[in-house]
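Working notes, beginning with the structure itself.
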Amino acid sequence: MSDDRFGRDGGGVSRREFAAGAGAVGAIGLAGCGGVLGGGSGELSGTIDASGSNTVAPITDWAGEQFSNEFPDVLVDVAPEGTGAGFQEFCRANSAVQSASREITDDEVDLCGENDVDYDFLEVGLDGLSVVKNSENDWVDTITLDELRQIWEFQSDVETWSDVRSEWPDEEIQLHARDSASGTFDYFTREINGEIGNVRDDYSATSQTNEIMGAVADNLHGFGWGGLGYLRAIEDDQPIEAVPVESDVDGDFYLPTEANIEEGLYSPLARPLFAYFNMASLEEEPDLIGSFARFYANNAQGFARDEGFYAAPDEVTEENHDKIDSWLDQVGSSPDDLTVDRD
């Protein structure tokens, strides 16, 4: 795994940075929770390889840290290479868990099929894609969906702010966003530009959302987009803020707040987040993988909030647990065999 994995050597945003501003007390309160010590042995050990999304990685990593606190002989090894790159690993059976900021694509389904990888997913939270500007930028008060498309579409001729609105400054926009290995990239380009990958090729692209946020905070003319949790981690200390975006629901402009996201108003730039599980890994180590899945499902709402995201509804939690029960039945195991009980 890369030395610059998030939360370590500056390669991304750590759980601790998030927790400092969003729910550290609740996070600490998770210790000893999660329905631990059910019908299994209570002596879990092993390594769970988790590939995938840079956006979702803080949630999965925090889940893994808490799971390891309960079971010190377990390591959940999270490698946030991006949703697309992660699915390349997952669909070649190189990881047991795949964090994803979008659903699996048809091509990835085919790749999993070619390698006999059977899978299913849990929904682990909600996210908003934040469109961000430097806080000293006093001219961009709102942005329409059409203006976003004009700025970001392939072969865009927008170079200066005044190319977007004539009253804005005749100064070059410095554009920053995710690269093509990212599920966030896929989601944004599809929802704003109509097709995955339909995007200009002259912006500063990176696999690390914290780099996008840092670049915009450092430049008056910086402008970009990325997962909301990374904005929340720095907005109180650095000159960066979200721009209200036009909603495709009612045409008004909304910030990516909890209420706007959970009520469906911050659309189309809000989305569910996922954790995919390899059924062969579950079959090989049903207590280890099944207990981690159960622990994740028990606490996903708290994990998402701790990391600056938003909780999926209660009914999604129930659906997640029902899925896990079905998975165990498929591999010839039982919920009673797990060390972690359903809350």
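Residue numbers (the working numbering): 1338 to 1680.
Built from N, CA and C at the ideal position, the CB exists for glycine as well.
Between residue i and residue j, which are expected to be in contact by the criterion C-beta below 8 Å, what is the C-beta distance as a whole number of angstroms?
i: V1477; j: A1579; result: That pair is no contact at about 11 Å.
i: A1607; j: L1463; result: 6 Å
i: A1641; j: V1461; result: 6 Å
i: A1400; j: N1615; result: Actually they do not touch by this definition, with Cβ atoms about 17 Å apart.
i: V1434; j: L1625; result: Not really, about 11 Å apart at Cβ, beyond 8 Å.
Rounded to whole angstroms, what's the CA-CA distance from residue i to residue j? Just pull it up for me.
i: P1576; j: R1679; result: 43 Å
i: N1452; j: A1430; result: 7 Å
i: L1565; j: G1531; result: 22 Å
i: S1670; j: P1409; result: 24 Å
i: G1383; j: S1503; result: 60 Å
i: Q1638; j: P1506; result: 43 Å
i: S1390; j: N1547; result: 13 Å
i: L1675; j: S1438; result: 28 Å
i: G1377; j: G1450; result: Because G1377 sits at a pLDDT of 47, beneath the cut-off of 50, its placement in the model cannot be relied upon, and the point is left open.
i: D1500; j: S1493; result: 10 Å
i: G1551; j: P1581; result: 20 Å
i: L1381; j: E1621; result: 14 Å
i: D1538; j: T1526; result: 12 Å
i: D1414; j: G1588; result: 43 Å
i: D1457; j: S1584; result: 31 Å
i: K1660; j: A1634; result: 10 Å
Please name the residue or residues paired with residue i in a DSSP beta bridge.
i: W1562; result: V1468
i: R1515; result: T1543
i: N1391; result: Beta-bridge pairing links N1391 to no other residue.
i: L1610; result: G1462
i: L1412; result: T1384
i: Y1647; result: L1463
i: F1590; result: E1583
i: Q1492; result: In the DSSP output, where bridge partners are listed per residue, Q1492 has none listed.
i: Q1435; result: S1388, Y1613
Using the beta-carbon count (16 or more within 10 Å), is residue i buried or exposed?
i: P1395; result: buried
i: A1570; result: buried
i: N1471; result: buried
i: D1447; result: exposed
i: T1654; result: buried
i: V1586; result: exposed
i: S1663; result: exposed
i: A1596; result: exposed
i: P1650; result: exposed
Looking only at its chain, what residues have a beta carbon closer than 7 Å to the beta carbon of residue i, apart from the 5 residues adjacent to it on each side?
i: G1369; result: Low confidence applies to G1369: its pLDDT is 44, below 50, so where it sits in the model is not reliable, and the reading given next is rough at best. If we look at G1369 and ignore the five residues flanking it on each side, it has no Cβ neighbours.
i: E1508; result: T1497, W1498, H1558
i: N1474; result: L1557
i: T1521; result: T1392, S1438, L1466, R1515, G1563, G1564
Hey, is residue i close to the ligand SAH, as in C-beta under 8 Å from one of its heavy atoms?
i: N1597; result: Summarising the ligand content, the structure contains no ligands, and the ligand SAH is consequently not present.
Excluding the five sequence neighbours on either side, which residues of its own chain have a C-beta within less than 6 Å of the C-beta of residue i, listed in chain order?
i: I1488; result: V1495
i: R1486; result: I1529, N1530
i: G1421; result: A1518
Ignore the nearest five residues each way along the sequence and tell me which others in residue i's own chain have a CB closer than 8 Å to its CB.
i: F1491; result: N1530, N1535, V1536, R1537, D1538
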